[in-house]
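Working notes for the structure below.
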Amino acid sequence: MAMCWQIVLNALISAAPIILLAVGFVVIFRIAGFYHFTHGSVFMVAPYIAFIFHRHVGLALLPSAVLGIVGGTAVGTLLGQLLFLPAQRRGASGLTLLFVSLGVAIVIPNVVAIFLGDALYVLDGNQTHSSIGLFGAR
């Protein structure tokens, strides 16, 4: 039975970022009225900002993660204020906003790749990797 809980817990932990991204897509679609492809790129920027603060600035993992969330939020807000809100004020159609969103979704990962490369980066907090128990699973 403990193995079953461990599998369920591992599935929830693995699915959490995907669920968060999907909920964000739905919320933005309901608010903005168009499918916002840029959300995925902004979702990608936050961990890179956390990586920069952790690995290059030397902050601990938790403050770096908080700064990554704040930085990702700032990037998303800045894009909304500089690109999407002015286009909506000028009466841009949903298709136009979709193309703007798609263009930004192409540019952001490429800018990140130019500055940080395309390697896989891992955030480790230099902590001991001990397990915690939950419902009898470890």
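The sequence shown begins at 0 in numbering that gives the first Met the number 0 and counts up one residue at a time.
Just so it is clear, CB atoms sit at the ideal spot from N, CA and C, and this is done for glycine as well.
Tell me the DSSP secondary structure of residue i in three-state form.
i           : result
residue 32  : coil
residue 120 : coil
residue 0   : coil
residue 57  : coil
Quick one: using the 10 Å Cβ neighbour count with 16 as the cut-off for buried, is residue i buried or exposed?
i           : result
residue 33  : buried
residue 37  : buried
residue 96  : buried
residue 13  : exposed
residue 119 : exposed
residue 220 : As displayed, the chain neither begins before 0 nor continues past 137, which places residue 220 out of reach and without an answer.
residue 55  : exposed
Within the same chain, show all residues whose beta-carbon is closer than 8 Å to that of residue i, passing over the 5 residues directly before and after it, in chain order.
i          : result
residue 52 : 58, 62, 63, 66, 67
residue 82 : 99, 103
residue 44 : 70, 71, 74, 107, 111
residue 93 : 32, 33
Starting from residue i and walking both ways along the alpha helix (DSSP H), at which residues does that stretch end?
i          : result
residue 64 : 60-78
residue 43 : 37-50
residue 92 : Per DSSP, residue 92 belongs to no alpha helix (DSSP H) and is neither H nor E.
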